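Engineer:
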Amino acid sequence: MFSPSLFVHNVSMANTSIPFSTPSAVVTARSVPRSASAIAVAVRSTGAVPRTVGMSRRDLERQGFAGEVGQSVVIPRRDGATVIAVGVGERPSSGDLRDAAAVAVRNAQRHQDVTLDLLSAGSSNSADARAVTEGALLAAYRYPGITAKPDTQPRFASLTIVTSGAAAVERGVREGEIRSRATYLARDLANTPPAHLNARDLEVIVTDLAPAHGFDVEVFDENDLEEMGCGGLLGVNKGSVEPPRLMRLTYTPRNPRGHVALVGKGVMYDSGGISLKPSDAFHVVMKMDMSGAAAVLSTMTTLKDLRCRNQVTGYIVCTDNMPSGSAMKLGDVLTMRNGKTVEVHNTDAEGRLILADGLSLAVEDKPEAIIDIATLTGAAMAALGPDIAAVLGTGSKVVEQLTESAEATGEPIWEMPLEKARYRKLLDSNVADMRNIGGPYAGCITAAIFLSEFTADVPWAHLDIAGTMKVDGDESWRSKGATGFGTRLLIDAVMNWSA
Ligand code: BES
Ligand code: ZN
Ligand code: ZN
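Last residue of the sequence shown: number 1747 in this note's numbering, and the count goes up by one each step with no gaps.
Take a look at the structure:
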């Protein structure tokens, strides 16, 4: 199962100073290996308890364990491996198995050789195998840290998944590994402090990753952007001593079935600019304001390995948002790549300004669909909380595909109305085509309406991941810190897209 190409980025990135985490290599086996020091066994809420558990249902119930998803009992043994009974409910879905695998791993973290025997509980198809692999690897993630000795090692010496050996199941495990590895990258990048990861640092990482992962990169610097008329990105960048970068990543399979463009918000650090943010807890996590860009990049790293049949063009739009003597001012008017002008009423609504250029460029490629992903508004977080991202768009097929992918990946999204007829007027400006903020309400919607001004007639969907970009503590397969939300969602969407 092990494929060296999976882990290439950890090797080739040795020249950058930031630590990257390494996922444990996953092997599959038809039975539990002798070397296992912990064995997680699926127990359903009804029916027989597997013999390996060594406890009766009544004994398990006395421990408060009913076999529900989320429940577990750790059973140490005098001789032999520790057994972890993991609840999977009555008829586990793939999502249940992903959660169960995460519970298993969180209970096994002090062990080195961990075996998961969870697939025999369900129908054991490729989606189940993928989910178990993802649950295990994603729960095993922790940020290496900027410390004297960053902890970049894999969590486990060995991680074994017991499978039937069927080809589809083996493929599911491998896909789970690829998707998880990408999510590790997205999490690492978003967790990295802003001084360790500016737009030029990300350029080094992107160009480093490209050859091994089968995508091409074009980098546009401040001079190129000037020539291209990317006034949104340049405007936001004005207050920063660090130059901006816009990167175009292309993956082109032979005889592509379709073509999807992805656009990611890469605000490497969002201080708010002249509309300075207060120095509260939220300001500290504004290093993660490039989570959309990280999700797009991470998605691009999987397409070759997953043999994606669609052409995918990824735009990563990167800059800091800083206050200074040269910063963009309130009242300034910016001219975007598509020629439309924007009056700046709040410099903290910067994400939409840089996405305006990214979306305009994506339109020029004439893709069948555009998906943008951005930590765009506190309003999305207020509306849907930390677990669910907002989706809005003009392309009902794209929104539909994303909704299906959200179900399949366990990264939930909820559609909000793109009410142009009612709310577009909130963006009206006296001096320009529009202003960059609406009123005090419906902030997630007015932000999306703003973006829709730059998508022309290309079917488009927008993901607002402000709420879901981080978790405050370990929670199922989401580990404390940046979640990498949207990575597996985008991968699933571009893999399954067909116009
Ligand atoms: N990056 C922020 C949005 C954000 C907030 C992301 C919290 C993650 C967590 C964005 O650039 C921003 O500041 N948006 C403003 C827009 C407002 C000025 C219209 C907001 O949501 O307050
Ligand atoms: Zn902002
Ligand atoms: Zn921002």
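A virtual CB, placed ideally from N, CA and C, is assigned to each residue, including glycine. The structure displayed is predicted, hence computed values, not measured ones.
Do N1569 and V1511 have their beta-carbon atoms positioned less than 8 Å apart in this structure?
Structural biologist: No.
Engineer: Can you round the beta-carbon distance between L1366 and V1334 to whole angstroms, since I take them to be within the 8 Å contact cut?
Structural biologist: That belief holds up - the Cβ atoms of L1366 and V1334 are roughly 7 Å apart, short of 8 Å.
Engineer: Where DSSP assigns a beta bridge to Y1499, which residues make up the other side?
Structural biologist: The partner list for Y1499 (beta bridge, DSSP) reads V1560.
Engineer: What number of angstroms, rounded off, separates the C-alpha of A1617 from the C-alpha of A1704?
Structural biologist: Spanning the two alpha carbons is a distance of roughly 11 Å.
Engineer: Using 8 Å as the Cβ pair cut-off and three pairs as the minimum, do the region 1277-1295 and the region 1416-1423 touch?
Structural biologist: The region 1277-1295 is not in contact with the region 1416-1423.
Engineer: Could you check the C-alpha separation between A1622 and F1404 for me, to the nearest Å?
Structural biologist: When rounded, the distance between both Cα atoms is 33 Å.
Engineer: Output needed for W1708: all residues of its chain with C-beta closer than 6 Å, excluding positions within five of it in sequence on either side, in chain order.
Structural biologist: Within the same chain, W1708 has close Cβ partners I1618, G1641, T1642, G1643.
Engineer: Whole-angstrom Cβ separation of T1810 and A1430, contact assumed at under 8 Å?
Structural biologist: What the structure shows of the chain is the stretch from 1249 to 1747, and residue 1810 is not part of that stretch, so it cannot be assessed.
Engineer: With distances taken from each beta carbon to the nearest heavy atom of ligand 3, which residues come in below 5 Å, in chain order?
Structural biologist: In chain order, the hits are V1515, D1518, D1537, G1599.
Engineer: When burial is assigned at 16 or more other CB atoms within 10 Å of the CB, is V1417 buried or exposed?
Structural biologist: Buried, because 16 or more other Cβ atoms sit within 10 Å of the Cβ of V1417.
Engineer: CB A1388 to CB V1353, shorter than 8 Å?
Structural biologist: Yes, Cβ-Cβ distance for A1388 and V1353 is below 8 Å.
Engineer: Taking A1627 as the reference, which of A1656, A1597, T1651, D1347 has the closest Cα?
Structural biologist: Among A1656, A1597, T1651, D1347, the Cα nearest to that of A1627 belongs to A1597.
Engineer: DSSP three-state label for H1507, please.
Structural biologist: In the structure shown, H1507 sits in a strand (DSSP, three-state: E or B).
Engineer: Classify D1327 as buried or exposed, calling it buried when 16 or more other Cβ atoms lie within 10 Å of its own Cβ.
Structural biologist: Classification for D1327: exposed.
Engineer: Does the beta-carbon of I1685, which I'm using as the reference point, lie nearer than 7 Å to any heavy atom of ligand 1?
Structural biologist: Indeed, a heavy atom of ligand 1 lies less than 7 Å from the Cβ.
Engineer: Are the CB atoms of P1441 and K1535 within a distance shorter than 8 Å?
Structural biologist: Contact: yes.
Engineer: Who are the Cβ neighbours of L1473 in its own chain at under 7 Å, not counting the five residues just before and after it?
Structural biologist: L1481, L1482, P1492, L1494.
Engineer: May I have the straight-line CA-CA distance separating A1434 from V1297, to the nearest angstrom?
Structural biologist: Answer to the nearest angstrom: the Cα atoms are 38 Å apart.
Engineer: Looking only at its chain, what residues have a beta carbon closer than 8 Å to the beta carbon of K1645, apart from the 5 residues adjacent to it on each side?
Structural biologist: Counting only Cβ-Cβ distances below 8 Å, and skipping sequence neighbours, we find A1617, P1707, A1747.
Engineer: DSSP beta-bridge partners for T1300?
Structural biologist: DSSP, once it has assigned bridges, lists no residue as partnering T1300.
Engineer: Taking C-beta to C-beta, are H1444 and S1283 nearer than 8 Å?
Structural biologist: Not a contact, by the Cβ cut-off of 8 Å.
Engineer: Look at S1272 and L1385 and say whether their C-beta atoms are less than 8 Å apart.
Structural biologist: It is a contact, given that the beta carbons lie within the stated cut-off.
Engineer: Got a sec, what are the start and stop residues for the beta strand (DSSP E) F1468 sits in?
Structural biologist: 1464-1468 is the extent of the beta strand (DSSP E) around F1468.
Engineer: Check this for me: beta carbons of D1676 and C1692, under 8 Å apart or not?
Structural biologist: Going by C-beta atoms, D1676 is not nearer than 8 Å to C1692.
Engineer: Whose CA, out of N1594, D1620, H1593, lies closest to the CA of G1606?
Structural biologist: Comparing Cα-Cα distances from G1606 to each of N1594, D1620, H1593, the minimum goes to D1620.
Engineer: K1645 by DSSP, collapsed to three states: which one?
Structural biologist: DSSP places K1645 in helix when its eight states are reduced to three.
Engineer: Should G1715 be listed as close to ligand 2, given that the test is whether its C-beta is under 7 Å from any heavy atom?
Structural biologist: No, the beta carbon of G1715 sits no closer than 7 Å to any heavy atom of ligand 2.
Engineer: Please classify M1682: does DSSP put it in a helix, a strand, or coil?
Structural biologist: In the structure shown, M1682 sits in a strand (DSSP, three-state: E or B).
Engineer: Can you find the residues in the same chain that come closer than 6 Å, C-beta to C-beta, to E1466, ignoring five residues on each side of it along the sequence?
Structural biologist: Contacts found: R1496.
Engineer: Flag this pair as yes or no: are the beta carbons of K1728 and V1533 separated by less than 8 Å?
Structural biologist: Against a cut-off of 8 Å, the Cβ pair of V1533 and K1728 comes out as no contact.
Engineer: So V1544 packs on L1738, CB below 8 Å; how close in whole Å?
Structural biologist: With a Cβ gap of about 7 Å, V1544 and L1738 count as contacting.
Engineer: For I1533, which of helix, strand or coil comes out of DSSP?
Structural biologist: The amino acid occupying residue 1533 in the given sequence is Val; Ile does not appear at that position. Reduced to three states, the DSSP call for V1533 is helix.
Engineer: Does the distance between the C-beta of N1485 and the nearest non-hydrogen atom of ligand 2 fall short of 7 Å?
Structural biologist: No.
Engineer: Identify the residues that DSSP records as bridge partners of W1708: which are they?
Structural biologist: Answer is I1618, bridged to W1708.
Engineer: Taking the C-alpha atoms as reference points, what is the distance between L1699 and L1603?
Structural biologist: If I take the Cα positions, the gap works out to 7 Å.
Engineer: Which parts of the region 1307-1355 are runs of the alpha helix (DSSP H), unbroken and 4 residues or longer, counting only runs that do not cross its ends?
Structural biologist: Counting only runs of 4 or more, we get 1342-1355.
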